[in-house]
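*Asks:* Dropping the structure in here first, questions after.
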Amino acid sequence: MSVYWAEYAWLPDGLAERVTIDVAGSTISSVTSGTAPNGNELRGLTIPGFANAHSHAFHRALRGRTHHGRGSFWTWRERMYAVADRLDPDSYYRLARGVYAEMVLAGYTSVGEFHYLHHAPGGVAYSDPNAMSAALAAAAQDVGIRLTLLDTCYLNGGFGQQPDEYQRRFSDGDAAAWAERAAAFKPESEMVRTGVAAHSVRAVPPQALRVVAEQADGRPVHVHLSEQPAENRDCLAAHGVTPTTLLAEAGLLSPDTVAVHATHMSTADIRMLADARSRACFCPTTERDLGDGIGPARELLDAGVRLCLGTDSHAVVDGFEEWRALELNERLASRTRGRFDVAELFSAATDHASIGWPEVGRIEAGAAADLVTVDLDSIRTAGTEPAAALFAASATDIREVLIGGRQVVSEGCHLLVEQPEILLREEIRALCPP
Ligand SMILES: [Zn+2]
Numbered sequence: 002m003s004v005y006w007a008e009y010a011w012l013p014d015g016l017a018e019r020v021t022i023d024v025a026g027s028t029i030s031s032v033t034s035g036t037a038p039n040g041n042e043l044r045g046l047t048i049p050g051f052a053n054a055h056s057h058a059f060h061r062a063l064r065g066r067t068h069h070g071r072g073s074f075w076t077w078r079e080r081m082y083a084v085a086d087r088l089d090p091d092s093y094y095r096l097a098r099g100v101y102a103e104m105v106l107a108g109y110t111s112v113g114e115f116h117y118l119h120h121a122p123g124g125v126a127y128s129d130p131n132a133m134s135a136a137l138a139a140a141a142q143d144v145g146i147r148l149t150l151l152d153t154c155y156l157n158g159g160f161g162q163q164p165d166e167y168q169r170r171f172s173d174g175d176a177a178a179w180a181e182r183a184a185a186f187k188p189e190s191e192m193v194r195t196g197v198a199a200h201s202v203r204a205v206p207p208q209a210l211r212v213v214a215e216q217a218d219g220r221p222v223h224v225h226l227s228e229q230p231a232e233n234r235d236c237l238a239a240h241g242v243t244p245t246t247l248l249a250e251a252g253l254l255s256p257d258t259v260a261v262h263a264t265h266m267s268t269a270d271i272r273m274l275a276d277a278r279s280r281a282c283f284c285p286t287t288e289r290d291l292g293d294g295i296g297p298a299r300e301l302l303d304a305g306v307r308l309c310l311g312t313d314s315h316a317v318v319d320g321f322e323e324w325r326a327l328e329l330n331e332r333l334a335s336r337t338r339g340r341f342d343v344a345e346l347f348s349a350a351t352d353h354a355s356i357g358w359p360e361v362g363r364i365e366a367g368a369a370a371d372l373v374t375v376d377l378d379s380i381r382t383a384g385t386e387p388a389a390a391l392f393a394a395s396a397t398d399i400r401e402v403l404i405g406g407r408q409v410v411s412e413g414c415h416l417l418v419e420q421p422e423i424l425l426r427e428e429i430r431a432l433c434p435p
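Number 290 in this note's numbering belongs to position 289 of the sequence shown; there are no gaps in the numbering.
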């Protein structure tokens, strides 16, 4: 049994002071407010960890490298394919280790990896066809973060188009081959779980969407949805319906479904997600980096669609930035303040159930022992009200991180990865020669 004492803690019913948190193994066994300091003292505000519901680990190599001549969506995509082309299981393991370490340092305790970089260049299978999945799982384990490997079906280069030379690495050829390979991946660690994903209605034809839905089997099923208006336009031209309708018709919308982005949605599309009790995952820092637009977050939540958040391309990895953007983007679009209350934002930021970890994300007896402590005395947070500090803090204000009862970050340093910034620099230099 370990005992932690939090100066302030965010509990299911809001902010509490002087909180003793008893941890037995990987689980919180009791929580008591208004206690005298005892055990390991956590100075500042302790919150359950952030959930990163949408990640493509290799996109991290593109940060600060796609703005040449101002940078367009195509500059970004070209660079993304070039990086993907150079990765192999060994280099992907090393890169992902740095990427996941950055997430833990930012207070994320779980990540949903939307993984489609399956094969060697040209689409040739590795001797272990799941070598890339295994590399990601090993990286997550070595960093101490919870991983949900969302094995992603990616078959086409666009509606009715064969994959191009770069995209061949992503494809298993057909849905049955994808299902067989994905089902063969059995993680050994209890910190790694699996789910499935369809890349998008562009990359997965309707009959293959059905196969993805069948393979979910109670696990999370994720899909990119209506990120850009062009996807809606092309889907209408190819199938005569919106992408959301196509997913509904294929049986892909369920309470386990997470629609990633959901930026350009009609009222009927929103209704369909709500009726299926699906979620929407917003990735505000990536969506603004790529110029996608501002999705209808308030409308979705009002309709009954739960929201979660992801750092997607990792243009920024900062949980505070992500959930603030949910509110602040709405303010800009609606010219009104206070679109969400703090509890709603907090619930989106800590929705680990969206990636299959329903026991994570609350500081209460019986929940997983994921605790993240935010400094309330930094130059950014000094003088703020403790709960509202979340509107002022940045990733560098994360001091302590406990994941499943294991201390992974202490005094702002990762305990399992030495100097992850040097690791990232070296790996990215090797992947992106000048
Ligand atoms: Zn994505």
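Where is the CB? At the ideal position from N, CA and C, for every residue including glycine.
(1) Of the residues Arg64, Glu323, Gly145, which one's Cα is nearest the Cα of glycine 406?
(2) Report the rounded CA-to-CA distance for arginine 19 versus threonine 374, giving the unit in angstroms.
(3) With glutamate 228 and threonine 264 assumed to form a contact (beta carbons below 8 Å), what rounded beta-carbon distance in angstroms separates them?
(4) May I ask which residues mark the beginning and end of the alpha helix (DSSP H) holding isoleucine 356?
(5) My understanding is that aspartate 152 touches alanine 183, with C-beta atoms under 8 Å, so please give their C-beta distance in whole angstroms.
(6) Pick out whichever of Ser92, Arg169, Pro13, Pro130 has its Cα sitting closest to the Cα of proline 437.
(7) Quick check on the contact list: which residues have their beta carbon closer than 6 Å to a heavy atom of ligand 1?
(8) Check for me: the alpha helix (DSSP H) holding phenylalanine 422 runs from which residue to which?
(9) Leaving aside the five residues before and after alanine 132 along the sequence, list all residues of the same chain whose C-beta is less than 7 Å from its C-beta, in chain order.
(10) Considering valine 84, what are the terminal residues of the alpha helix (DSSP H) in which it resides?
(11) Residues in its own chain within less than 7 Å of asparagine 233 by CB, not counting five upstream and five downstream?
(12) With the cut-off set at 9 Å, would you say serine 379 and aspartate 319 are in Cβ contact?
(13) Where are the beta strand (DSSP E) runs, 3 residues long or more, that stay fully inside the segment 97–151, in chain order?
(14) Could you pull the DSSP bridge partners for cysteine 309 from this structure?
(15) Quick check on this structure: which residue in Gly413, Tyr82, Gln408 has the alpha carbon closest to the alpha carbon of isoleucine 399?
(16) With a cut-off of 8 Å on the beta carbons, I'd call threonine 149 and glycine 357 a contact; round off their distance for me.
(17) Report the rounded CA-to-CA distance for histidine 116 versus serine 92, giving the unit in angstroms.
(18) Give the secondary structure of isoleucine 22 by DSSP, where H, G and I count as helix, E and B as strand, and everything else as coil.
(19) Go through its chain and collect everything with a Cβ distance to alanine 366's Cβ below 7 Å, but skip five positions before and after it.
(20) Would the segment 327–340 and the segment 70–80 be scored as touching if the rule is three or more Cβ pairs under 8 Å?
(21) Given that a residue counts as buried once 16 or more other Cβ atoms are within 10 Å of its Cβ, and exposed if not, what is histidine 223?
(22) Using the Cβ count rule (16 or more neighbours within 10 Å means buried), how would you classify glutamate 428?
(23) Helix, strand or coil: how does DSSP classify isoleucine 404 here?
(24) What is the DSSP secondary structure of tyrosine 9, counted as helix, strand or coil?
(25) From this set, Arg220, Asp371, Arg280, Ser348, which residue's C-alpha is nearest aspartate 14's C-alpha?
(26) DSSP puts arginine 194 in a beta bridge; with which residues?
(27) Expressed to the nearest angstrom, what Euclidean distance is found between the alpha-carbon atoms of threonine 17 and valine 193?
(28) To the nearest angstrom, how far is the alpha carbon of glycine 45 from that of leucine 247?
*Replies:* In brief:
(1) With distances taken between Cα atoms, glycine 406 lies closest to Gly145.
(2) Straight-line spacing of the CA atoms in arginine 19 and threonine 374 works out to 13 Å.
(3) Distance from glutamate 228 to threonine 264 at the Cβ level is roughly 6 Å; contact confirmed, criterion being Cβ atoms closer than 8 Å.
(4) Run containing isoleucine 356: none; DSSP gives neither H nor E here.
(5) Their Cβ separation, rounded to whole angstroms, is 4 Å, which keeps aspartate 152 and alanine 183 in contact under 8 Å.
(6) Any property of residue 437 remains undetermined from this structure, which presents the chain solely from 2 to 435.
(7) Those satisfying the condition are, in chain order, His55, His57, Phe115, His225, Val261, Asp313.
(8) Here residue 422 is glutamate; the residue named in the question, phenylalanine, does not match the sequence. For glutamate 422, the enclosing alpha helix (DSSP H) stretches over residues 421–432.
(9) Counting only residues of its own chain and dropping the five nearest sequence neighbours on each side, alanine 132 has a CB closer than 7 Å to the CB of Pro90.
(10) 74–87 is the extent of the alpha helix (DSSP H) around valine 84.
(11) Excluding five sequence positions before and after asparagine 233, the CB atoms of its chain that fall closer than 7 Å to its own CB belong to Ser227, Thr243, Pro244, His265, given in chain order.
(12) Against a cut-off of 9 Å, the Cβ pair of aspartate 319 and serine 379 comes out as no contact.
(13) Entirely contained in the segment 97–151, the beta strand (DSSP E) runs reaching 3 residues are, in chain order, 109–116.
(14) Partner(s): Cys282.
(15) Per the Cα distances, Gly413.
(16) Their Cβ separation, rounded to whole angstroms, is 5 Å, which keeps threonine 149 and glycine 357 in contact under 8 Å.
(17) The alpha-carbon atoms of histidine 116 and serine 92 are separated by roughly 15 Å.
(18) Residue state, collapsed to three classes: strand.
(19) Correct list, in chain order: Ile29, Ser30, Ser31, Val32.
(20) No, they do not touch.
(21) Buried.
(22) Looking at its Cβ environment, which holds 16 or more other Cβ atoms inside 10 Å, glutamate 428 is buried.
(23) Looking at isoleucine 404 - three-state DSSP - the assignment turns out to be strand.
(24) Strand.
(25) Selected option, being the one with the closest Cα: Ser348.
(26) DSSP lists Thr149 as partners of arginine 194.
(27) Sequence check: residue 17 is alanine here, not threonine. Separation of alanine 17 and valine 193 (C-alpha to C-alpha, rounded to the nearest whole angstrom) is 32 Å.
(28) Cα to Cα, the separation comes out at about 47 Å.
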